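Student: Keeping their order, the protein sequence lines are chains A and B.
Taking the numbering used here as reference, the numbering of the first sequence is continuous, increasing by one, and the terminal residue is 169.
Taking the numbering used here as reference, the numbering of the second sequence is continuous, increasing by one, and the terminal residue is 148.
Using N, Cα and C, we set each Cβ at its ideal position, and we do this for glycine too.
It should be emphasised that the depicted structure is a prediction, and the values quoted were computed from it without experimental measurement.
Pasting a structure here, questions to come.
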Amino acid sequence: EDQVTQSPEALRLQEGESSSLNCSYTVSGLRGLFWYRQDPGKGPEFLFTLYSAGEEKEKERLKATLTKKESFLHITAPKPEDSATYLCAVQAFQAGTALIFGKGTTLSVSS
Amino acid sequence: EPEVTQTPSHQVTQMGQEVILRCVPISNHLYFYWYRQILGQKVEFLVSFYNNEISEKSEIFDDQFSVERPDGSNFTLKIRSTKLEDSAMYFCASSALLANTDTQYFGPGTRLTVL
């Protein structure tokens, strides 16, 4: 069964304190791995797509990396506005275009 | 920047009633999706729709659910006889191409409350 596990469930950081979020996945064949940001009561907001091991993508203070078993979302010098839930999702070849989501990591950044 | 829109933002209904949730996907997108998120739980796939027919559906998407593209812009999810356990946020998403991997863009969601 295709699965996505994110850790930690919650993370509290001080402004400027860099850290990483983990997404471990088990799929029969990975089509793509997606990171989204979700604010309370809102829809997931697209951040990155990664397709193959070794690939990296960056946007402002965020950097996503991918290996054959997991992905990391690195947050460098976070600001309070980075506080949100970060969702990881995968597309598997045998599951068509459906996204399989993890439970997310809720990040709180205090000033 | 184009975005997916959804109406209403919040729908309250009585158990057993029919509801229709509406979505306007991004205009040049070809694939459309519905997902739901029960409070405190994962986002779950319900159904995908392409070329005016269902492409894939999950076990959640039983006979109580149906989807339709009634015109060139709207995409709807109908729940025929709502149950308490249908209370959730429902998200519409769309993607641009018939590609092996393509980014899905999500709408803001409709919060459905079944009493």
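Give me the subset of the stretch 71 to 92 of chain A whose CB atoms are less than 8 Å from a CB atom of chain B, sorted by chain position.
Tutor: Listed in sequence order: Arg89, Gly90 and Phe92.
Student: Only counting the same chain, and skipping five residues up and downstream in sequence, which positions put a Cβ closer than 6 Å to that of Ser169/A?
Tutor: By one-based count along the first sequence, residue 169/A stands at place 111. Closer than 6 Å at the Cβ level, and outside the excluded window around Ser169/A, lie Glu73 and Pro138.
Student: What residues of chain B sit near Leu69/A, judged by a beta carbon separation below 9 Å?
Tutor: As a position in the first sequence, residue 69/A is number 11, starting the count at 1. Simply none; closest approach about 17 Å.
Student: Please name the residue, chosen from Val57/B, Glu86/B and Ser106/B, that lies closest to Thr38/B on a Cα-to-Cα basis.
Tutor: As a working mapping, residue 38/B is identified with position 5 in the second sequence. Nearest of Val57/B, Glu86/B and Ser106/B to Thr38/B, Cα basis: Val57/B.
Student: Grouping DSSP H, G and I as helix and E and B as strand, with all else coil, what is Ala126/B?
Tutor: Your numbering for residue 126/B matches position 93 in the second sequence. Ala126/B falls in the strand class under three-state DSSP.
Student: Going by other Cβ atoms of all chains shown within 10 Å of its Cβ, with 16 needed for buried, is Pro103/B buried or exposed?
Tutor: Start at 1 with the first residue of the second sequence, and residue 103/B comes out as number 70. Label assigned to Pro103/B: exposed.
Student: Cβ closer than 7 Å: which chain A residues qualify as neighbours of Gln137/B?
Tutor: For the purposes of this step, residue 137/B is identified with residue 104 of the second sequence, where counting begins at 1. Correct list: Leu157.
Student: Would Met48/B and Leu148/B qualify as a contact pair, given that the criterion is a beta-carbon distance under 8 Å?
Tutor: Indexing the second sequence from 1 puts residue 48/B at position 15. Indexing the second sequence from 1 puts residue 148/B at position 115. It is a contact, given that the beta carbons lie within the stated cut-off.
Student: Checking contacts by CB at 8 Å: is Thr179/A closer than that to chain B?
Tutor: In this structure chain A extends from 59 to 169, so residue 179/A is not present and cannot be described.
Student: Classify Arg70/A as buried or exposed, calling it buried when 16 or more other Cβ atoms lie within 10 Å of its own Cβ.
Tutor: Counted from its first residue, the first sequence places residue 70/A at position 12. Arg70/A should be labelled exposed.
Student: Check the Cβ of Lys161/A against every Cβ in chain B and list those closer than 8 Å, keeping chain order.
Tutor: Looking up residue 161/A in the first sequence gives position 103. Here the neighbours are Gln74 and Lys75.
Student: Here's a check: name, in chain order, each residue in its chain whose Cβ is nearer than 8 Å to the Cβ of Asn84/B, leaving out the five neighbours to either side.
Tutor: As a first step, residue 84/B is located in the second sequence; it is residue number 51 there, counting from the start. Only Leu63 meet the Cβ criterion.
Student: Starting from His43/B, trace the beta strand (DSSP E) in both directions and tell me its first and last residue.
Tutor: On the second sequence, residue 43/B is found 10 positions in, with the first residue counted as 1. From DSSP, the beta strand (DSSP E) with His43/B extends over His43 to Thr46.
Student: Strictly under 8 Å for the Cβ-Cβ distance: is Gly112/A near chain B by that measure?
Tutor: Counting from 1 along the first sequence, the entry for residue 112/A is found at position 54. It does not; no Cβ of chain B falls within 8 Å.
Student: Leaving out the 5 sequence neighbours to the left and right, which residues in its chain are closer than 7 Å to Lys116/B when beta-carbon positions are compared?
Tutor: Here residue 116/B refers to the residue found at position 83 of the second sequence. If we look at Lys116/B and ignore the five residues flanking it on each side, its Cβ neighbours are Met48 and Val147.
Student: Could you please give the first and the last residue of the uninterrupted beta strand (DSSP E) stretch that includes His132/A?
Tutor: Translated into positions along the first sequence, residue 132/A becomes position 74. Element bounds for His132/A: Glu128 to Ile133.
Student: DSSP on Leu79/A, reduced to helix/strand/coil?
Tutor: For the purposes of this step, residue 79/A is identified with residue 21 of the first sequence, where counting begins at 1. Correct three-state label for Leu79/A: strand.
Student: Indicate whether the contact test is met: 3 or more Cβ pairs, each with one atom in the stretch 79 to 96 of chain A and one in the stretch 146 to 163 of chain A, closer than 8 Å.
Tutor: The stretch 79 to 96 of chain A, when compared against the stretch 146 to 163 of chain A, does touch it at the 8 Å Cβ threshold.
Student: Using the rule of at least 16 other Cβ atoms within 10 Å of the residue's Cβ for burial, across every protein chain shown, is Glu77/B buried or exposed?
Tutor: Here the question's residue 77/B lines up with position 44 in the second sequence. That one is buried.
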